[in-house]
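Worksheet: one structure, shown below.
Numbering (the UniProt record's numbering), first residue to last: 1 to 193.
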């Protein structure tokens, strides 16, 4: 309706009369006044956008990743190495006490009282696997077994790595599966660190 009314008012026969619309609109409009002191702040020209120049990218040379031929052995004297060495001694003792039968991996690492100790055990065990002090194999039930590696058979083996995924729920499931009340691996006493 508004468009039709504007067309009827402005477009008469072959000419346009916009003054008729303006005279009608002025009756209902109200003027807005500006202060002269504000005029310098009114910017009517559009801002010119200046493109910023990008700094040229520095290209990095492609370097092949290399795995070390031989990693540091466990004879280091820092706290982590002492803890791993302590764990190796415990595993060898458990292995001997069990007539050199493989030890269930999750039974070995799970601490029913402290999940963070379980994670720490898994990490330290992975170092022992990497250094060929122990090996991990699949058991008949599909769960991994830990075996102490004979020093004579180590020479021909390349270092390997053990990776496993474990969370609190799975740890609790393994604790129930093996009926654990105490951890098999004990933490290194503070005085020996």
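Think of the CB as a built atom: it goes at the ideal place given N, C-alpha and C, for glycine as much as any other residue.
Express the C-alpha separation of residue j and residue i in angstroms, rounding to a whole number.
i	j	result
residue 76	residue 124	Any reading at residue 76 is ruled out, since the residue's pLDDT is 49, under 50, leaving its predicted position unreliable.
residue 182	residue 63	48 Å
residue 208	residue 14	With the chain covering only 1 through 193, there is no way to say anything about residue 208.
residue 111	residue 119	9 Å
residue 177	residue 166	15 Å
residue 51	residue 65	39 Å
residue 47	residue 61	42 Å
residue 170	residue 150	31 Å
residue 29	residue 49	36 Å
residue 80	residue 131	15 Å
residue 146	residue 173	19 Å
residue 59	residue 82	43 Å
residue 140	residue 189	35 Å
residue 4	residue 54	54 Å
residue 2	residue 57	58 Å
residue 142	residue 97	24 Å
residue 102	residue 113	24 Å
Sorted by chain position, which residues of the same chain lie with C-beta nearer than 7 Å to residue i's C-beta, five sequence neighbours on each side aside?
i	result
residue 10	16, 17, 18, 20, 21
residue 148	91, 92, 95, 134
residue 187	117
residue 115	168, 171
Quick test of your reading: residue i and residue j, contact by CB under 8 Å. State the CB separation rounded to the nearest angstrom.
i	j	result
residue 180	residue 87	Contact doesn't hold; Cβ gap of about 17 Å is too wide.
residue 128	residue 84	7 Å
With a threshold of 8 Å on Cβ separation, who are the neighbours of residue i within its own chain once the five nearest residues in sequence on each side are excluded?
i	result
residue 198	Absent from the model: residue 198. The displayed extent of the chain is 1 to 193, so no value can be given.
residue 6	21
residue 23	none
Label residue i either buried or exposed according to how many other C-beta atoms from any shown protein chain fall within 10 Å of its C-beta, with 16 as the threshold for buried.
i	result
residue 168	exposed
residue 109	buried
Tell me which residues share the same chain as residue i and place their Cβ nearer than 6 Å to its Cβ, disregarding the 5 neighbours each side in the sequence.
i	result
residue 100	none
residue 121	109, 185
Residue ranges of each beta strand (DSSP E) within the stretch 77-142, 3 or longer: 134-138
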